[in-house]
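In full-length UniProt numbering, each residue's number is its place in the sequence shown (first place is 1) plus 116.
Where a beta carbon is used, it is the ideal one built from N, C-alpha and C, also for glycine.
Just so we're clear, the structure is a prediction, and the values are computed from it rather than from any experiment.
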Amino acid sequence: HKCLALIKSTKLLNAYITVAEETALKQAEESEERYRRGQPLGVLDGIPVAVKDNFNTAGIETTCASNMLKGYIPPYNATVVQKLQDQGAVLLGKTNLDEFAMGSGSTDGVFGPVRNPWSYSRQYKEKSAPKSDPEHEEFKWVITGGSSGGSAAAVSSFTCFAALGSDTGGSTRNPAAHCGVVGLKPTYGLISRHGLIPLVNSMDVPGILTRCVDDAAVVLGSLAGHDPKDSTTIQDAFQPFELPNMPDVSKLCIGIPKLSSVATDNPKQEYNAPGLSSEILAVWSKAADLFKNAGAKVIEVSLPHTPYSIVCYHVLCTAEVASNMARFDGLEYGHRSDVNESTESMYAATRQEGFNDVVRGRILSGNYFLLKQNYEDYFVKAQKVRRLIANDFVKVFRSGVDILLTPTTLSDAVPYIEFIKEDNRTRSTQDDILTQAANMAVFSQLITGGEDTAQSCVRFIASLVCILLELSEIPCWQ
Ligand code: GLN
117 HKCLALIKST KLLNAYITVA EETALKQAEE SEERYRRGQP LGVLDGIPVA VKDNFNTAGI
177 ETTCASNMLK GYIPPYNATV VQKLQDQGAV LLGKTNLDEF AMGSGSTDGV FGPVRNPWSY
237 SRQYKEKSAP KSDPEHEEFK WVITGGSSGG SAAAVSSFTC FAALGSDTGG STRNPAAHCG
297 VVGLKPTYGL ISRHGLIPLV NSMDVPGILT RCVDDAAVVL GSLAGHDPKD STTIQDAFQP
357 FELPNMPDVS KLCIGIPKLS SVATDNPKQE YNAPGLSSEI LAVWSKAADL FKNAGAKVIE
417 VSLPHTPYSI VCYHVLCTAE VASNMARFDG LEYGHRSDVN ESTESMYAAT RQEGFNDVVR
477 GRILSGNYFL LKQNYEDYFV KAQKVRRLIA NDFVKVFRSG VDILLTPTTL SDAVPYIEFI
537 KEDNRTRSTQ DDILTQAANM AVFSQLITGG EDTAQSCVRF IASLVCILLE LSEIPCWQ
C-alpha cells in the first residue's frame, strides 16, 4: 500500500507507464497469507518490484513507450518476470523508457520524459535558477538518463525495492548512475532474454536496478540461469551468492584503461572521451585510490579498439533494428493504420504512425547498411571491428586483470532543456561511449576454459560496486 501511495504522490516523475494496482494488491495479499502459513515462496516474497515496459507481462499492457504497441497485452511473461513472480515478488507496474529502448535520456517515449527525482532534492534546488525564472518549474529539472530511466527513477524515489531494466549499450548503467542507484548489467547469457522485446539481440541483457549492492546480488541470484527458451543463456548452473560484509580486494588486480592527461586532443584516446568532465575524472581517480588503499593492485591497461565501439554499434544496432522491427507490420501486434488501399500502403502507414523518428531513422539506416552493395563495406566490417573490441577485453583479462574500472557517464545528468537541444539521434548513442564496448564484448562466448567465469565476472563487478558506493550517499527523495 505504501509503495502504491508513493507512486501516486510522485506521479510528476513520470516513472511508470502502467500501475498494476489490482494485481499488485492481490499478489501482496497472497504473499501475506504465505507468510502467515510460514511458507514464503522464495527470497523475494512480498518484495515490491517494477519492470521496464519492454518486458512482456502476461495480462498487463506492454508498450515499449511506442504508439505501435499501445494497447498490446502479451499472453505470456518474459522469463525474468516469471522468475520474479515465482519467488513471490509483487509486480507494481511497468516503467517508462525511450521508445523501444532507443535512447540515453528517457525523453523519447510517447508517454513523455521521465524526471530525475534528484531534480527535486534540496541540493539541486539550491544549485539551480531562482523560482522567478519562468523556465524554472518546467524545464530546470534534469533527465534520468536512459533508456531505463523509469526503472531508475522508480527505485531512486523509493516506490519499489528493485526494478528491471535492459542494457544494450548502457541503458541500465547510465540511468542508475544519474539517479544514484545501483545498476548491474549482467554478463550476456547469464540471464534469459526471452520475452524482452529485442533492440539488438546480440547485445541486449536484462539489467537490475536496486538501492544497494546486496539487493542486486539477491535479484541476480533469482534471475540467473539457463533458459531453454533462450539458446544464448549459459548452460552452467549459477550458484546464487551472498556478498561479504567487507569484500577483500587485496588479491585483485584492477585495470584502468589508458588515460592521457589531455582529454580532447585525440578522439581515439581510450575511455578519456571528449566531454569527460573534470568531476568524473576526479571521482574515477578517487575510486582507484580506494582500491589501492584497500590493498588491490591498480595498473594501466590498453583497450585500443574500444574508441570505435560507438561507430561500430551504429552499424550493428541499426542492422539488427531493421530486422527486428519488420515484425511490426500492422498484422500481428498492436497498431494498425486505417489506410487500406493496399497491403503495402497499410504497412507503410502503420509504421509511419506507430514509430517515432528515432526508430524510423534506425530502420532506414539499417536497411541501407544491409543492401547487397553495402553489406561487405559496413555490416561485415563492423562485425570484424566488434571482434577486435572483444579481443581487447579478452587480452586484458587473460593478462591477470580481474576488474576494469571506468566511469559510466561523461558528466552529471543534464537539464532536460539542454538535453533536447541536441540532435537526439546522435546523442542517444554518443552518450554510451564509456559503457558500449562491454556490450560488444560478449564474455560468455569469448572467455573459454574458466570453470565458472561468468559467475566470477559478476562477483568482481559486484564487489567493485561495493567499494564505489562509499563514494556516494544513498539518495533520499521525498
Ligand atoms: N543508447 C543506446 C541506443 O540508443 C543503447 C540503448 C540501450 O542500451 N537500450 O541504442
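Practice task
Taking all protein chains shown into account, decide if K301 is buried (16 or more other Cβ within 10 angstroms of its Cβ) or exposed.
Solution key: Under this definition K301 is a buried residue.
Problem - Exposure of Y491, with buried meaning 16 or more beta-carbon neighbours within 10 Å - result: exposed
Exercise for the section: Return the first residue and the last residue of the alpha helix (DSSP H) that A498 is part of. Expected result: 497-514
Exercise for the section: Report yes if the C-beta of L550 is less than 7 Å from at least one heavy atom of the ligand GLN; otherwise report no. Expected result: In this structure, the ligand GLN has no non-hydrogen atom nearer than 7 Å to the beta-carbon of L550.
Handout entry: Distance CB(A278)-CB(T211) smaller than 8 Å
Key = no
Practice task
Report yes if the C-beta of A293 is less than 7 Å from at least one heavy atom of the ligand GLN; otherwise report no.
Solution key: For the ligand GLN, not one heavy atom lies less than 7 Å from the Cβ of A293.
Exercise for the section: Report back the beta-carbon spacing between H451 and M184 to the nearest angstrom; my notes put them in contact at under 8 Å. Expected result: With a contact defined as Cβ atoms closer than 8 Å, H451 and M184 qualify at about 5 Å.
Handout entry: Of the listed residues D330, G285, T422, nearest to R543 (C-alpha basis)
Key = It is G285.
Practice task
Could you give the DSSP three-state label for G323: helix, strand or coil?
Solution key: In this structure, G323 counts as strand in the three-state DSSP scheme.
Practice task
With DSSP collapsed to three states, give me the class of V414.
Solution key: strand
Exercise for the section: Output the distance between the C-alpha atoms of L486 and L480, rounded to the nearest integer angstrom. Expected result: 10 Å
Exercise for the section: Can you list the residues near the ligand GLN, meaning Cβ strictly closer than 6 Å to any non-hydrogen atom, in the order they appear in the chain? Expected result: A217, M218, G219, S220, S263, S282, D283, T284, G285, G286, S287, L315, C433, S544, T545, D548
Exercise for the section: With a 10 Å radius around its C-beta and 16 neighbouring C-beta atoms as the bar for buried, classify S458 as buried or exposed. Expected result: exposed
Handout entry: Simplified DSSP state of A379, which is helix, strand or coil
Key = Confidence at A379 is low in this model, with a pLDDT of 39, below 50, so its placement is unreliable and the value that follows should be read with caution. Reduced to three states, the DSSP call for A379 is coil.
Problem - Closest Cα partner of S287 within the set T434, E215, Y188, L200 - result: Out of T434, E215, Y188, L200, the CA that lies nearest to the CA of S287 is found in E215.
Practice task
Excluding the 5 residues preceding and the 5 following C276 in the sequence, name in chain order all residues of the same chain whose CB lies nearer than 8 Å to its CB.
Solution key: C119, P164, V165, A166, L208, A270
Practice task
Tell me whether G209 sits in a helix, a strand or coil according to DSSP, three-state version.
Solution key: strand
Practice task
Tell me, please, which residues DSSP counts as bridged to C369.
Solution key: K413
Problem - Selection from L406, R502, V474, F274 that minimises the alpha carbon distance to S220 - result: V474
Handout entry: Endpoints, the beta strand (DSSP E) within which Y132 is located
Key = 132-135
Handout entry: Buried or exposed by the 16-neighbour rule on C-beta atoms within 10 Å, applied to L585
Key = Note that L585 has pLDDT 42, beneath the 50 cutoff, so the model's placement of it is unreliable and no number is given.
Problem - Of the residues E137, P190, A404, the one placed nearest L520, counting alpha carbons only - result: A404
Handout entry: Beta-carbon proximity check, L368 vs A333, cutoff 8 Å
Key = no
Exercise for the section: Could you check which residue in M441, F407, Y449 has the C-alpha nearest to that of Y188? Expected result: When only C-alpha atoms are compared, the closest one is Y449.
Exercise for the section: Give me the Cα-Cα distance between P291 and N232, rounded to the nearest whole angstrom. Expected result: 9 Å
Problem - Environment of Q201 [buried if 16+ CB atoms lie within 10 Å] - result: buried
Problem - S338, buried or exposed, once every other Cβ within 10 Å from all chains shown has been counted against 16 - result: buried
Problem - C-beta atoms of T173 and P190 nearer than 8 Å - result: The Cβ atoms of T173 and P190 lie closer than 8 Å to each other.
Handout entry: Minimum Cβ-Cβ distance from Y424 to chain C less than 8 Å
Key = Absence of chain C from the displayed structure is noted, only one protein chain being present.
Exercise for the section: Determine contact between the stretch 302-309 and the stretch 260-274, defined as no fewer than three beta-carbon pairs at a distance below 8 Å. Expected result: no
Exercise for the section: Could you tell me which of R309, E436, V135 sits nearest to residue 57, measuring between CA atoms? Expected result: One cannot answer for residue 57 here, as it falls past the ends of the chain, which runs 117 to 594.
Handout entry: Cutoff 7 Å; reference T466; Cβ partners in own chain excluding five residues on either side
Key = Closer than 7 Å at the Cβ level, and outside the excluded window around T466, lie D445, G446, H451, R452, S453.
Problem - Three-state secondary structure (DSSP) of K168 - result: strand
Exercise for the section: Just tell me which of K345, G516, K241, G175 has its CA closest to the CA of T195. Expected result: K345
Handout entry: Check: Q239 C-beta below 7 Å from any heavy atom of the ligand MG
Key = The model on display carries the ligand GLN but not the ligand MG.
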